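I have placed the structure first, in the form of structure tokens, so that the comments after it can refer back to it.
2 protein chains.
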Amino acid sequence: MERIWNGWSRHTQPLPPSAFPLLEQRLGSPQLPPQATLQDVLALLPPSRLPEHPCWDCTPMTRLTFSRGQSLPDWIALKSGQPGRVPDAVAQPGNDDELRQCLNLAKEMDLDIIPYGGGTSVTGHVSPRPGQRPVLTIAMGRFNRLLRLDSENRLATFGAGISGPQLEAALNAQGYTLGHFPQSFEFSTLGGWVATRSSGQQSLGYGRIEQLFAGAVVHTLTDRWVLPPLPASAAGPNWRELLLGSEGRLGILSQVTVRVQPKPAKEQFFVSFLPDWRRAKQAVQQLVQQGVQASMFRLSHPNESEVQLMLSLFERRRAWLYRLLKLRGIQQAPVLLVWSVSSSARRPVGTIKRALNGAGAVWHSASLGRKWASKRFDAPHLRDPLWQAGYCLDTLETAIGWDQLERLRQTIEAALNNALTAQGQPVLVFSHISHVYPQGASLYVTYLFPYAGSAEQALDHWQRLKRAASEAIVAVGGTISHQHGVGQDHKPYLSAEIGQTGQQALEALSQQLDPDQRLNPGVLLP
Amino acid sequence: MERIWNGWSRHTQPLPPSAFPLLEQRLGSPQLPPQATLQDVLALLPPSRLPEHPCWDCTPMTRLTFSRGQSLPDWIALKSGQPGRVPDAVAQPGNDDELRQCLNLAKEMDLDIIPYGGGTSVTGHVSPRPGQRPVLTIAMGRFNRLLRLDSENRLATFGAGISGPQLEAALNAQGYTLGHFPQSFEFSTLGGWVATRSSGQQSLGYGRIEQLFAGAVVHTLTDRWVLPPLPASAAGPNWRELLLGSEGRLGILSQVTVRVQPKPAKEQFFVSFLPDWRRAKQAVQQLVQQGVQASMFRLSHPNESEVQLMLSLFERRRAWLYRLLKLRGIQQAPVLLVWSVSSSARRPVGTIKRALNGAGAVWHSASLGRKWASKRFDAPHLRDPLWQAGYCLDTLETAIGWDQLERLRQTIEAALNNALTAQGQPVLVFSHISHVYPQGASLYVTYLFPYAGSAEQALDHWQRLKRAASEAIVAVGGTISHQHGVGQDHKPYLSAEIGQTGQQALEALSQQLDPDQRLNPGVLLP
């Protein structure tokens with residue numbers, strides 16, 4: 044699998060033909076959006092402000108390849124042939140010495156630095172910002188090896204640029220797993236997971252990256268900072284928790300040590316169908332508060348399951364499914380719960396089925412569960428065919444206490460549905476609960492809107508949608524990000540969550556470790 | 044239960060008479076140490092440098108009461124009638140406005156501030172340091188109420204000065220528990236637990252304070268900083284993890300929100316007896332790495348169980364126990380494992396017994412388990428009768444990976460055993476593993492040495508012991524504290540763990556939030 048220069052991958056999913064009538068019904072017949080060719084875009088690239096150097100590559104193709112992440116503004120820029128600012132050079136160091144040399148050069152030559160992992164950021168972590176200084180992107184993909192598996196202490200140390208598949212392959216070969224499976228798994232990297240506080244689909248069982256991250260080697264602009272993987276410590280604040288979410292502002296991770304575990308004998312996945320959102324949500328809340336040994340609950344609101352079934356099942360199979368659900372008493376779009384148990388244990392499976400049955404579940408399908416698991420990283424691949432058909436797709440996510448979750452969902456969905464009313468543009472919005480905790484849950488919202496007018500107009504529409512949703516999140520008291528990080532896009536909403544004091548403390552830290560503010564400027568902090 | 048001005052409590056435990064021969068055999072006949080009376084000490088108190096004020100109390104008795112923690116230097120100072128520096132005044136605010144007024148006065152009048160919870164620090168968190176500025180101790184004991192129990196989200200918000208028993212009583216009355224039971228539980232406070240990264244005896248089941256701490260109101264010198272209890276967030280670094288272990292350097296906690304859970308139907312405690320340290324340790328390691336549903340494993344090395352049985356059991360009962368163990372094949376001091384399962388579930392109990400039997404366990408006693416649980420907070424109460432008999436007792440603790448644990452234990456014990464050789468003083472050293480993790484475990488070391496010569500000499504002996512043990516910990520790579528914090532006593536060893544960069548980052552943060560360095564100066568940071 045390889046990332047492409049202007050999207051997710053070459054390996055796009057075809058949409059079932061029946062998807063289009065529904066999209067047209069909801070969103071109208073869109074204008075076909077631009078599809079700038081690689082040649083078009085390369086021709087538009089501003090010349091590099093950096094001389095050739097053995098430490099980096101200034102060729103246009105490389106600079107373009109590492110210029111952007113996967114946010115909708117990133118997509119619009121590249122697809123419409125308006126790449127904007129791109130890095131002046133890209134370094135791909137292969138070891139700590141080479142990385143240190145890049146940092147030293149950046150100081151000597153007064154450069155800004157953007158650390159780059161898998162380039163899967165959806166909030167603007169890796170796109171250069173306007174500024175006087177030339178920009179050096181440091182791509183970490185060559186730090187891609189398992190350096191040490193310490194089975195006695197259940198720890199594994201990797202180069203920070205290792206991708207999800209590389210990491211799991213190296214661990215699986217020795218009977219271990221990390222169990223961190225974000226949707227970006229195919230391309231995103233361990234260092235990126237740490238730097239953005241990533242959360243995998245099965246974090247309920249395996250832990251969020253905060254629980255998995257044990258130690259690191261970090262290159263700040265002045266120091267090689269080693270944080271040892273202690274089992275626990277009361278020696279002052281935990282600096283690992285400062286690196287988690289530091290988004291490249293404090294230093295560049297070159298090695299990361301994580302807590303691993305033996306790969307379970309079995310991963311069991313199920314899809315359950317329920318009639319009622321409120322009751323289903325309550326059942327899941329009770330299960331997680333009882334501490335049931337599940338590794339995932341992913342609960343789609345009917346507004347999502349309707350679209351999801353339409354986008355993933357061809358017509359005959361979908362009709363068959365709806366007939367089955369109707370026979371069992373679900374007349375409309377179902378509530379769809381995907382859940383997993385990361386062992387061969389039967390007891391939690393039984394506990395969960397009983398609880399769901401109590402909430403009216405009509406069917407638990409292991410075969411659909413297996414199908415979901417086999418396609419668990421596919422959603423981003425749908426974005427390209429949707430774009431080609433004229434539909435812009437974006438997602439956002441948050442988390443909040445159980446008591447406010449429904450209010451938050453309704454407020455965000457309403458904000459998105461109404462955000463383009465003045466522009467006369469429809470929006471299709473749907474949601475699922477993606478991660479659950481005893482204290483609350485995360486909410487993952489997807490929205491589609493038709494490409495209209497021009498790239499500028501599409502960007503304007505996106506900005507209105509993003510602002511409306513973010514303000515709704517802040518108003519209800521959710522976090523501005525449960526798993527995607529702050530980047531450039533969530534920056535205006537950060538102080539609502541961490542306070543003026545948190546903001547000042549973060550600035551003081553960044554000033555201490557990077558007095559010239561050359562590490563990923565414009566991300567996370569003003 | 045009430046703390047006394049120069050020790051733990053009035054409720055001292057008598058030592059079994061048979062304890063004294065063994066102590067004499069190991070440590071010789073000590074000189075009886077001084078027992079300064081309250082009158083002696085009050086007469087020696089330096090006059091307050093602060094005027095009377097409605098916000099605080101300058102009376103000598105109050106200043107003395109809040110002058111010290113429970114470290115051995117604290118004990119030597121008070122017992123020998125050399126109180127040294129004490130606060131010039133003690134404020135006991137009852138609400139946020141009064142607390143804010145104290146902070147404002149401290150700025151106006153150029154005072155240093157020491158936040159004071161239960162006064163149970165054993166590393167010098169609450170003792171005034173020499174300095175020009177008058178010292179205002181702010182005792183938080185009136186912030187002692189449950190403010191909100193949010194059962195829907197399993198959260199409870201308390202005044203930060205609430206003590207362990209007050210907190211559990213308030214939760215238990217509504218069917219909930221926090222499950223945080225450090226040995227200092229009777230006096231220590233929620234705010235103190237957070238500020239020092241405390242760990243309860245059953246943290247394996249209930250979580251360390253890091254896992255329990257969800258949100259706070261913190262008064263910095265300029266701001267009322269609110270950190271909301273989000274279920275999870277990827278919005279940059281986690282500031283809660285900066286407050287955890289901040290030891291009063293960044294601000295004063297007035298409210299703390301914690302994750303709670305329904306009180307389990309049953310707490311099952313057992314004491315198991317095993318013949319072999321290495322095999323017992325391995326069994327516990329395997330159990331925790333398998334994720335067994337236990338809430339505690341506390342494994343005493345034979346050098347500890349021998350002393351522990353001697354100090355806690357009267358002679359007849361002890362002889363009976365040793366006969367029983369001998370009959371079952373344990374000829375010498377046993378390895379003693381205290382463990383708990385925080386539910387009425389039988390399955391984990393069976394799993395654990397089988398694993399321990401596989402390691403040669405000869406007896407699992409539920410009645411001794413219940414006895415241990417009923418006396419779980421008693422150890423500090425033994426310190427006073429030991430002192431009266433002429434023995435100084437101190438403890439220290441660390442944590443490290445499983446692979447280095449035995450080496451660390453041997454290195455620390457040897458360092459302590461040899462630390463006073465030049466002084467011709469014997470030391471009695473013993474250890475247990477107190478907290479276990481898949482990645483490693485904590486080690487809790489107790490040492491006794493005879494009071495000899497004078498208070499100055501006792502303090503000198505303690506300093507030699509502390510230095511030897513701390514250097515041993517750093518040399519092997521353990522944390523300088525797993526649960527007691529840094530305070531003044533561990534400060535010289537902090538940078539070995541967090542690096543020069545961590546140290547500088549901490550200083551930058553402290554400078555940002557407290558530019559005049561008046562919040563607990565000398566603690567945690569130079």
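Chains as they are written, first to last, in my numbering: chain A, 44 to 569; chain B, 44 to 569.
Backbone N, C-alpha and C fix where the C-beta goes; we use that ideal spot for every residue, glycine too.
Since the structure is predicted, the reported quantities are computational estimates derived from the model, not experimental observations.
Going by other Cβ atoms of all chains shown within 10 Å of its Cβ, with 16 needed for buried, is residue i buried or exposed?
i: ALA457 (chain A); result: exposed
i: LYS509 (chain B); result: buried
i: LEU121 (chain B); result: buried
i: LYS324 (chain B); result: buried
i: TRP445 (chain A); result: buried
i: LEU339 (chain B); result: In the sequence under discussion, the amino acid at residue 339 (chain B) is Met, which differs from the Leu named in the question. MET339 (chain B) should be labelled buried.
i: PHE224 (chain B); result: buried
i: HIS168 (chain A); result: buried
i: HIS504 (chain A); result: buried
i: LYS534 (chain A); result: buried
i: ALA102 (chain B); result: According to the sequence provided, residue 102 (chain B) is Thr. The question's Ala does not apply to it. Exposed, since its Cβ has fewer than 16 Cβ neighbours within 10 Å.
i: PRO208 (chain A); result: exposed
i: PRO60 (chain A); result: exposed
i: ASN281 (chain B); result: buried
i: ASN461 (chain A); result: exposed
i: GLU211 (chain A); result: buried
Under 7 Å Cβ-Cβ, which residues of chain B neighbour residue i?
i: GLN332 (chain A); result: ARG197
i: GLN144 (chain A); result: Chain B residues near GLN144 (chain A): none, gap ~19 Å exceeds 7 Å.
i: THR239 (chain A); result: ALA277
i: THR438 (chain A); result: Going along chain B, no residue has its Cβ under 7 Å from THR438 (chain A), so there is no contact; the nearest lies around 14 Å.
i: ARG251 (chain A); result: ALA275
If you reduce the DSSP assignment to three classes, tell me which class residue i lands in.
i: GLY234 (chain A); result: helix
i: HIS344 (chain B); result: coil
i: HIS407 (chain B); result: strand
i: TRP282 (chain A); result: coil
i: LEU296 (chain B); result: strand
i: ILE156 (chain B); result: strand
i: PHE420 (chain A); result: coil
i: SER170 (chain A); result: coil
Ignore the nearest five residues each way along the sequence and tell me which others in residue i's own chain have a CB closer than 6 Å to its CB.
i: ARG292 (chain B); result: SER553, LEU562, ASN563, LEU567
i: ASP83 (chain A); result: GLY124
i: VAL269 (chain B); result: VAL260
Closer than 8 Å by beta-carbon distance: list the chain A residues that pair up with residue i, in chain order.
i: HIS533 (chain B); result: ALA278
i: PRO469 (chain B); result: Result: empty, since nearest Cβ-Cβ is about 30 Å, beyond 8 Å.
Against residue i, what residues of chain B qualify as contacts under a CB-to-CB distance less than 8 Å, listed in chain order?
i: ILE541 (chain A); result: LEU270, ALA278, GLY279, TRP282
i: TYR480 (chain A); result: PRO274, ALA275
i: THR263 (chain A); result: THR544
i: GLY455 (chain A); result: The displayed chain sequence assigns Ile, not Gly, to residue 455 (chain A). Per Cβ cutoff of 8 Å: no residues; ILE455 (chain A) is ~16 Å from chain B at best.
i: SER289 (chain A); result: GLY279, PRO280
Under 8 Å Cβ to Cβ from residue i, same chain only, skipping five residues before and after it: list those, please.
i: VAL378 (chain A); result: PHE316, LEU317, PRO318, ASP319, TRP320, ALA323, LEU342, SER343, HIS344, PRO345, SER348
i: LEU214 (chain A); result: LEU189, LEU192, ALA199, THR220, LEU221, VAL303, LYS306
i: TYR434 (chain B); result: LEU66, LEU70, PRO73, LEU491, PHE492, PRO493, TYR494
Based on the DSSP secondary-structure assignment, which residues constitute the bridge partners of residue i?
i: PHE256 (chain B); result: B:VAL301
i: CYS435 (chain A); result: A:PHE492
What does residue i reach in chain B if we use C-beta pairs closer than 9 Å?
i: TRP445 (chain A); result: GLU195, ASN196, ARG197, PRO274
i: LEU463 (chain A); result: The contacting residues do not exist; LEU463 (chain A) stays about 26 Å from chain B at best.
i: SER242 (chain A); result: ALA275, ALA277
i: LEU179 (chain A); result: Neighbours of LEU179 (chain A) on chain B: none; closest Cβ ~22 Å, over 9 Å.
Give the interface partners of residue i over in chain A, defined as CB-CB distance under 7 Å, in chain order.
i: HIS527 (chain B); result: ALA277
i: ILE523 (chain B); result: ALA278
i: ARG302 (chain B); result: PRO481, GLN482
Suppose the cutoff is 7 Å on Cβ atoms and the five residues either side in sequence are ignored; what does the same chain contact list for residue i look like?
i: VAL384 (chain A); result: GLN311, GLN336, ALA337, SER338, PRO391, VAL392
i: PHE420 (chain B); result: GLN226, PHE228, GLU229
Using the beta-carbon of each residue, which ones in chain A are nearer than 9 Å to residue i?
i: GLY565 (chain B); result: Here the premise fails: no neighbours, minimum Cβ distance about 14 Å.
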